[in-house]
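Here the protein sequences line up with chains W and X, keeping their order.
First residue of the first sequence? That's 383 in my numbering, and the numbers climb one at a time after it.
First residue of the second sequence? That's 383 in my numbering, and the numbers climb one at a time after it.
By construction, the Cβ of each residue, glycine as well, lies at the ideal position given by its N, Cα and C atoms.
Here the structure comes first, spelled out in structure tokens, and everything after it is commentary.
Number of protein chains: 2
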Amino acid sequence: MIGSMGRWEPNARGRLEQAALELYIERGFEQTTVAEIAKQAGLTERTFFRHFADKREVLFGGTGRLQELLVSTIASAPDSAAPIDAIAAAFEAAGTVLQERREIVRQRQTIIAANAELQERELIKLASLGSALADALHRRGVTDLAASLAAEAGIAVFRIAFEHWINDTGQPDLPQLIRESLDELKAVTAGK
Amino acid sequence: MIGSMGRWEPNARGRLEQAALELYIERGFEQTTVAEIAKQAGLTERTFFRHFADKREVLFGGTGRLQELLVSTIASAPDSAAPIDAIAAAFEAAGTVLQERREIVRQRQTIIAANAELQERELIKLASLGSALADALHRRGVTDLAASLAAEAGIAVFRIAFEHWINDTGQPDLPQLIRESLDELKAVTAGK
DNA sequence: TACGCTGATGACAGCGACTGACATGGGATG
DNA sequence: CATCCCATGTCAGTCGCTGTCATCAGCGTA
């Protein structure tokens with residue numbers, strides 16, 4: 383039969399992610415126990431930890447896909463593109479995707495902003511992203527040092543643009559903010 | 383009397399820091415319990431948590447002083463200095479200090495490199511440092527956006543220089559590496 | 001059909017990080 | 001001398017996280 387149940391409800395991982403998001407919003411991250419998340423998803427605490435390394439990781443399932451998008455955008459940039467421009471193009475593409483999920487992204491960011499441990503996790507995800515971007519540039523023949531710096535600078539540009547996009551009450555355009563942020567970085571680093 | 387004991391041995395905090403450093407080196411961070419650190423320092427686990435917010439924080443007591451040095455260096459830069467140059471001067475000063483404590487810094491970094499949670503803590507300390515630097519620039523009349531970007535770019539430059547300084551088998555000069563890293567960033571961000 | 005294997009889940013015990021509440025007792029202060 | 005202060009000790013408790021073993025539907029295979 384279509385829709386017949388197997389032994390278990392499908393998509394346990396997704397149910398855990400959704401339950402966690404709801405509870406983190408409702409009560410806050412610290413006030414939510416893993417047992418509560420699991421119960422709301424119809425599972426046990428032990429199963430939660432089979433799907434996610436820890437209580438924080440359940441919020442960061444999407445970062446992997448975003449990283450793939452960024453890396454593939456860099457890989458498919460024309461050979462003539464300068465490193466910083468390949469990076470900028472990648473972040474603008476990512477910005478477009480994030481903009482489409484604006485409300486969910488804002489909810490998630492609200493949760494993260496309220497808890498230092500979650501900020502730490504986000505930062506290490508960004509650092510890992512930085513390594514991946516530097517690798518992608520390196521594969522295009524860019525020097526190690528230049529690749530690392532372009533990647534880190536790109537992340538700085540993105541972080542600041544993203545922060546403004548989240549906090550501004552209006553509905554600014556994220557790719558546009560990224561471009562402005564990059565221009566400002568270029569102006570700031572322009573040796574006199 | 384000089385040297386007479388009070389009720390407790392002095393410098394409990396310092397003893398905890400030292401005990402933690404020794405045990406983290408000897409057995410690794412995860413394999414060391416807080417109770418063991420406290421015992422080695424002649425104290426109890428509860429007292430450890432009165433001095434440090436968590437097991438990781440005991441390794442990051444020095445970051446506060448480094449941040450003060452960076453902020454005051456920026457504050458005392460000549461008015462004519464561009465933001466990026468004030469930042470660079472600050473990091474070069476910090477680099478000089480770190481270079482004087484080379485062995486301890488390397489030990490500490492070895493511990494951190496071996497554990498993801500410690501890397502997370504270091505990243506959030508750097509992020510906090512970035513905010514402080516941006517504030518310091520802002521007090522010099524630099525725009526919000528320019529201040530944030532100069533600070534973040536400076537941190538990227540420092541991180542990459544520091545990483546090379548730690549990993550290179552030779553004894554390269556950290557302030558020199560910072561200057562080279564900054565030059566590379568300027569080259570990479572130079573719009574054509 | 002019967003058999004056995006697999007893989008996701010449950011059940012349970014246990015460790016260690018961290019917290020709240022209360023007790024203790026020298027040192028400083030009056 | 002009486003009093004307060006405050007760094008530390010003691011104890012009980014919660015929760016994140018792990019190791020281990022049991023369960024049992026689905027699936028292939030004899």
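Quick check: is the beta carbon of X/Thr-551 nearer than 8 Å to any beta carbon in chain W? no
Any chain W beta carbon closer than 8 Å to X/Arg-522: no
Measuring alpha carbon to alpha carbon, tell me which of X/Glu-534, X/Asn-393, X/Arg-409 ends up nearest X/Lys-507. That would be X/Glu-534, whose Cα lies nearest to the Cα of X/Lys-507.
Amino acids of chain X, ordered along the chain, whose beta-carbon sits closer than 8 Å to that of W/Lys-568: The answer, in chain order, is Thr-571, Ala-572, Gly-573.
For the alpha helix (DSSP H) that contains X/Asp-565, what are its first and last residues? Unbroken alpha helix (DSSP H) run through X/Asp-565: 556-571.
Cβ separation of W/Pro-465 and X/Val-570, assumed to be a contact under 8 Å, to the nearest whole Å: The pair is a contact, with the Cβ atoms about 6 Å apart (cut-off 8 Å).
When we look at the beta-carbon of X/Glu-412 and count the other beta-carbons within 10 Å, is it buried (16 or more) or exposed? X/Glu-412 is classed as exposed because its beta carbon has fewer than 16 other beta carbons within 10 Å across all chains shown.
Grouping DSSP H, G and I as helix and E and B as strand, with all else coil, what is W/Gln-491? The three-state reading of DSSP puts W/Gln-491 in helix, counting H, G and I together.
In its own chain, which residues sit with a C-beta less than 6 Å from the C-beta of X/Leu-559, not counting the 5 before and 5 after it? Ala-543, His-546, Trp-547
Could you tell me whether the Cβ of X/Leu-425 comes closer than 8 Å to any Cβ of chain W? no
Limits of the unbroken alpha helix (DSSP H) element including W/Gly-536: 526-549
Members of the stretch 456-484 of chain X near chain W, C-beta cut-off 8 Å: Those would be Ala-464, Pro-465, Ile-466, in chain order.
Through-space distance from X/Ala-417 to X/Pro-392, alpha-carbon basis: C-alpha separation (whole angstroms): 20 Å.
W/Gln-400 versus X/Glu-474 - alpha carbon distance: 47 Å
So what does DSSP say about X/Pro-392, is it helix, strand or coil? coil
What does a CB cutoff of less than 6 Å around X/Asn-497 pick up in its chain, not counting 5 residues either side in sequence? Phe-411
Closer than 8 Å, CB to CB, is X/Ser-563 near chain W or not? yes
Going by the CB atoms, is the gap between W/His-433 and W/Ala-402 shorter than 8 Å? Against a cut-off of 8 Å, the Cβ pair of W/His-433 and W/Ala-402 comes out as no contact.
Among X/Leu-398, X/Arg-522, X/Ile-537, X/Gly-424, whose alpha-carbon lies nearest the alpha-carbon of X/Ala-463? X/Arg-522
Collapsed DSSP secondary structure at X/Phe-430 in the structure displayed: Helix.
Contact set for X/Ala-468: own chain, Cβ-Cβ below 6 Å, skip 5 residues either direction: Ile-456, Ala-459
Backbone CA spacing between W/Asp-526 and W/Ala-516 [nearest angstrom]: 8 Å
Name the chain W residues that come within less than 8 Å of X/Leu-511, Cβ to Cβ? Neighbours of X/Leu-511 on chain W: none; closest Cβ ~12 Å, over 8 Å.
Report the neighbours of X/Leu-505 on chain W: residues whose CB is nearer than 7 Å to its CB, in chain order. Glu-502, Leu-505, Ile-506, Ala-509
Cα-Cα, which of X/Leu-505, X/Leu-564, X/Leu-531, X/Arg-483 is closest to X/Ala-471? X/Leu-564
Comparing alpha-carbon positions, which option in X/Thr-478, X/Gln-491, X/Ala-529, X/Leu-511 lies nearest W/Leu-567? X/Ala-529
Listed from N- to C-terminal order along the chain, which residues in the stretch 388-421 of chain W have their beta-carbon within a distance smaller than 9 Å of any beta-carbon of chain X? none
Is X/Arg-397 closer than 8 Å to X/Gly-424 when the C-beta atoms are compared? Note that the C-beta distance between X/Gly-424 and X/Arg-397 is below 8 Å.
Is X/Gln-489 closer than 8 Å to X/Ile-407 when the C-beta atoms are compared? Result yes, Cβ atoms of X/Ile-407 and X/Gln-489 sit closer than 8 Å.
So, is X/Ile-384 buried or exposed, given that buried needs 16 or more other C-beta atoms within 10 angstroms? With a pLDDT of 43 at X/Ile-384, under the threshold of 50, the modelled position of this residue cannot be trusted, and the question is left open.
Rounded to the nearest angstrom, what separates W/Ala-476 and W/Leu-448 at their Cα positions? 7 Å
What does X/Glu-439 reach in chain W if we use C-beta pairs closer than 9 Å? Result: empty, since nearest Cβ-Cβ is about 11 Å, beyond 9 Å.
If you measure beta-carbon to beta-carbon, which residues of the stretch 532-544 of chain X are closer than 9 Å to chain W? Ala-532, Ala-533, Glu-534, Ala-535, Ile-537, Ala-538, Val-539, Arg-541, Ile-542
Count the other C-beta atoms from every protein chain shown that fall within 10 angstroms of the C-beta of X/Pro-557, then say buried if there are 16 or more, exposed otherwise. buried
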